[in-house]
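Add 1 to a position in the sequence shown, counting from 1, and you land on the number used in the numbering used here.
A short worksheet on the structure shown next.
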Amino acid sequence: MQWSAADQSRNVAGKRDWCLFDSRPTLLVTLVVVVALGWFYARTGTAVNLEIDGRLWRVRTHQGAVSALLREIGLPLRDEDVVVPALASALYDGQTVTVRRARQVLIDADGGLLTRLTHSRTIGQVLMEAGLTVGAYDVITMDGSATAMDGQLPERRWEPQRWPSVTNAAHSQRAASLPVRVKVQRAVPLSIRDESVETTVYSVSRTVGEELLKQGIVLYLGDRVQPMLGSLLTAGMNVEVERAKVVDLRVDGEQMRLRTQARDVAWLLTEANVHLHGQDYVVPGPDTEVTPGMLVRVVRVLEDWVQEAETIPYETVWRSDSGLELDQLRTDQTGTNGVRKRQVHFIYEDGVQKSREVVEEWVERQPTTKIISYGTKVVIRELETPDGVVRYWRKIRVLATSYSAATSGKTRDHPEYGITRLGWRARKGIIAVDPKVIKLRTNMYVPGYGAGIAGDTGGMIKGRWIDLCYEEDDLILWKKWLDVYLLEPVTPAAEINYLLPDTPRERR
Numbered sequence: 002m003q004w005s006a007a008d009q010s011r012n013v014a015g016k017r018d019w020c021l022f023d024s025r026p027t028l029l030v031t032l033v034v035v036v037a038l039g040w041f042y043a044r045t046g047t048a049v050n051l052e053i054d055g056r057l058w059r060v061r062t063h064q065g066a067v068s069a070l071l072r073e074i075g076l077p078l079r080d081e082d083v084v085v086p087a088l089a090s091a092l093y094d095g096q097t098v099t100v101r102r103a104r105q106v107l108i109d110a111d112g113g114l115l116t117r118l119t120h121s122r123t124i125g126q127v128l129m130e131a132g133l134t135v136g137a138y139d140v141i142t143m144d145g146s147a148t149a150m151d152g153q154l155p156e157r158r159w160e161p162q163r164w165p166s167v168t169n170a171a172h173s174q175r176a177a178s179l180p181v182r183v184k185v186q187r188a189v190p191l192s193i194r195d196e197s198v199e200t201t202v203y204s205v206s207r208t209v210g211e212e213l214l215k216q217g218i219v220l221y222l223g224d225r226v227q228p229m230l231g232s233l234l235t236a237g238m239n240v241e242v243e244r245a246k247v248v249d250l251r252v253d254g255e256q257m258r259l260r261t262q263a264r265d266v267a268w269l270l271t272e273a274n275v276h277l278h279g280q281d282y283v284v285p286g287p288d289t290e291v292t293p294g295m296l297v298r299v300v301r302v303l304e305d306w307v308q309e310a311e312t313i314p315y316e317t318v319w320r321s322d323s324g325l326e327l328d329q330l331r332t333d334q335t336g337t338n339g340v341r342k343r344q345v346h347f348i349y350e351d352g353v354q355k356s357r358e359v360v361e362e363w364v365e366r367q368p369t370t371k372i373i374s375y376g377t378k379v380v381i382r383e384l385e386t387p388d389g390v391v392r393y394w395r396k397i398r399v400l401a402t403s404y405s406a407a408t409s410g411k412t413r414d415h416p417e418y419g420i421t422r423l424g425w426r427a428r429k430g431i432i433a434v435d436p437k438v439i440k441l442r443t444n445m446y447v448p449g450y451g452a453g454i455a456g457d458t459g460g461m462i463k464g465r466w467i468d469l470c471y472e473e474d475d476l477i478l479w480k481k482w483l484d485v486y487l488l489e490p491v492t493p494a495a496e497i498n499y500l501l502p503d504t505p506r507e508r509r
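Put into structure tokens, the structure is as follows:
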């Protein structure tokens with residue numbers, strides 16, 4: 002019979018499926034047999050109670066001796082470890098095997114290292130075994146943390162492996178070899194003197210600075226410590242803290258607070274890098290002892306020489322000139338001011354002038370006198386007015402105002418109401434004047450007012466100011482500048498004021 006390629010392919014695939022299906026019962030049976038044999042093996046082992054470092058396990062083993070069991074579980078032993086019963090003892094059902102492993106302790110004390118394998122439970126017991134005593138102020142640390150004599154050593158923990166691998170066994174061996182590190186720091190007595198307070202302490206610090214920090218002693222800039230902060234502590238050492246004195250220093254416009262060990266003011270200035278120059282000085286003096294709370298003041302002294310100039314006013318000399326017409330002026334010599342100079346020595350303290358001394362003084366230039374000639378020659382002139390021609394000998398520019406008896410400042414019942422300076426009744430034609438300018442009883446002509454006579458005065462009428470009188474019922478108010486004329490007869494020469502005042506001034 003011939004088979005096609007397709008038939009052959011189907012035949013081969015069918016045989017493969019049958020083979021796979023046919024092998025499954027065999028694998029299952031094999032697995033069941035293996036599990037059964039393992040269970041039977043485990044159940045037929047010797048039941049042993051295994052206590053290691055206080056922890057209890059129940060195990061089954063086919064080993065015949067204690068030593069073989071411990072090797073089986075991967076437990077390394079030292080000569081100092083305790084095993085009960087002995088390693089060579091045979092195992093039997095229900096037996097208890099106790100293992101107490103010695104703890105490795107590394108003791109750092111008194112400058113040496115000591116290794117102990119111990120079954121002690123506390124730090125104190127370990128140190129006692131090592132023959133070490135601990136003082137009341139000594140400090141004990143275990144693995145870097147502070148502890149006490151009754152401090153417990155850490156528990157040993159170990160997990161047994163029924164079929165330990167090489168890796169697990171090696172790990173267990175490393176764990177068992179790690180020592181507990183115990184350090185005993187011996188306290189040494191020392192004395193600390195802070196100003197007037199002295200204290201005795203027992204210290205395990207390494208340096209002076211560490212112990213001061215532990216004692217809460219705060220140091221400030223300028224404080225001094227002997228021995229120095231980095232010095233190693235020794236038994237019986239005396240540590241002295243010398244506190245700096247707090248002082249205030251005022252210099253160059255600023256005030257600063259300093260802490261200093263300076264004995265005197267000069268030393269303080271050196272510490273502060275402050276220098277005195279020239280006539281600078283310090284208060285209190287440089288030899289003064291520095292005390293707490295002191296104020297030290299540096300005074301900067303500056304000298305200055307200044308040349309000052311002062312004007313010497315020239316004098317004015319007036320000369321009469323009979324050939325020059327009245328009220329005419331002529332400058333015969335121009336006046337110039339002189340100059341006086343002086344050399345002045347100034348002393349300033351902190352910018353404030355403290356002294357001024359004229360060292361030298363001289364006249365640099367003398368003043369020149371101003372000479373003015375004024376005319377005394379009287380010339381009679383004529384003036385045409387609405388009332389006719391008048392003859393006058395002087396013309397004066399004045400401020401003219403007006404008044405009446407009612408505005409003169411007196412009440413009607415006053416005994417001098419309406420009476421002028423000359424005792425005349427106040428009326429039109431009387432003019433109030435300043436007698437120093439226009440002599441009383443002088444005949445006058447005022448444009449717009451008419452002829453009048455200087456017959457009255459007034460408290461406000463000074464200089465070039467006249468007041469024109471009117472009847473009470475016919476007052477005309479005046480206030481203006483104008484030229485007035487002094488009429489014949491001419492005032493005697495000895496009574497004429499040739500130099501008239503220039504007040505009040507006319508605003509132009």
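Backbone N, C-alpha and C fix where the C-beta goes; we use that ideal spot for every residue, glycine too.
The beta strand (DSSP E) enclosing residue i, as first and last residue numbers
| i | result |
| --- | --- |
| Lys480 | 480-488 |
| Arg72 | Note, Arg72: premise wrong, no beta strand (DSSP E); alpha helix (DSSP H) at 67-73. |
| Gln96 | 96-101 |
| Met257 | 255-261 |
| Tyr375 | 371-378 |
| Lys396 | 389-404 |
| Val49 | 47-53 |
| Leu115 | 113-119 |
| Ala91 | Note, Ala91: premise wrong, no beta strand (DSSP E); not H, not E. |
| Ala147 | 146-148 |
| Lys355 | 353-366 |
| Glu507 | It is not in any beta strand (DSSP E) - Glu507 carries neither H nor E in the DSSP assignment. |
| Arg428 | From DSSP, Arg428 is part of no beta strand (DSSP E); its letter is neither H nor E. |
| Ile381 | Taken as a continuous stretch (DSSP letters only), Ile381 belongs to no beta strand (DSSP E), as it is neither H nor E. |
Euclidean distance between Cα positions of residue i and residue j
| i | j | result |
| --- | --- | --- |
| Gly145 | Arg182 | 8 angstroms |
| Leu92 | Leu70 | 9 angstroms |
| Gln256 | Thr142 | 52 angstroms |
| Leu234 | Thr208 | 5 angstroms |
| Gly125 | Arg56 | 24 angstroms |
| Leu488 | Thr443 | 7 angstroms |
| Asp151 | Val140 | 13 angstroms |
| Met2 | Leu28 | Any answer about Met2 is weak, because its pLDDT of 28 lies below 50 and its placement is not dependable; what the coordinates show is given next. Between Met2 and Leu28, the C-alpha separation is close to 38 angstroms. |
| Pro77 | Ala87 | 15 angstroms |
| Gly451 | Ala406 | 19 angstroms |
| Arg61 | Leu128 | 40 angstroms |
| Val83 | Thr97 | 14 angstroms |
| Arg244 | Glu199 | 14 angstroms |
| Tyr404 | Leu441 | 18 angstroms |
| Lys371 | Asp322 | 16 angstroms |
| Gly237 | Ala147 | 25 angstroms |
| Thr47 | Val135 | 50 angstroms |
| Val106 | Trp159 | 18 angstroms |
| Gln354 | Asp281 | 14 angstroms |
| Met445 | Thr386 | 13 angstroms |
Contacts around residue i, its chain only, beta-carbon distance under 6 angstroms, and the 5 residues preceding and following it disregarded
| i | result |
| --- | --- |
| Thr458 | Arg422, Ala433 |
| Thr99 | Glu52, Val85 |
Where the alpha helix (DSSP H) through residue i begins and ends
| i | result |
| --- | --- |
| Val127 | 124-130 |
Buried or exposed (CB count within 10 angstroms, at least 16 for buried), residue i
| i | result |
| --- | --- |
| Val185 | buried |
| Thr335 | exposed |
| Ile381 | exposed |
| Asp468 | buried |
| Tyr471 | buried |
| Ser409 | buried |
| Asp435 | buried |
| Gly449 | exposed |
| Ser206 | buried |
| Ile477 | exposed |
| Leu330 | exposed |
| Arg486 | What sits at residue 486 in the sequence shown is Tyr, not Arg. Counting Cβ neighbours within 10 Å, Tyr486 comes out buried, since at least 16 surround it. |
| Val283 | buried |
| Trp58 | exposed |
Residues near residue i in its chain [Cβ-Cβ closer than 8 angstroms; skip 5 each side]
| i | result |
| --- | --- |
| Glu417 | Lys411 |
| Leu269 | Val248, Leu250, Leu259, Thr261, Ala263, Val291, Val297 |
| Gly430 | Gly451, Ala452, Gly453, Ile454, Cys470 |
Neighbourhood of residue i by C-beta, 7 angstroms cutoff - its chain only, sequence neighbours within 5 removed
| i | result |
| --- | --- |
| Asn338 | Thr312, Ile313, Pro314, Tyr315, Pro368 |
| Ser90 | Ala66, Val67 |
| Asp195 | Ile218, Val242 |
| Gln344 | Trp306, Gln308, Val360, Glu361 |
| Ser166 | Residue confidence is low: Ser166 scores 39 on pLDDT, short of 50, so the model does not pin down where it sits. Its coordinate-derived value is still stated next. Excluding residues within five positions, none has a Cβ falling inside 7 angstroms. |
beta-carbon residue i near the ligand ADP non-hydrogen atom, thresh 7 angstroms
| i | result |
| --- | --- |
| Tyr393 | The model depicted lacks the ligand ADP and carries no ligand whatsoever. |
Which runs of the alpha helix (DSSP H), 4 residues or longer, sit entirely within the region 168-235?
209-215
Suppose only complete runs of 3+ residues qualify. What are the beta strand (DSSP E) ranges in the region 266-313, listed by chain order?
List check, beta strand (DSSP E) in window: 282-284, 296-300, 302-313.
Length-filtered (4 minimum) alpha helix (DSSP H) runs lying within the region 431-504
none
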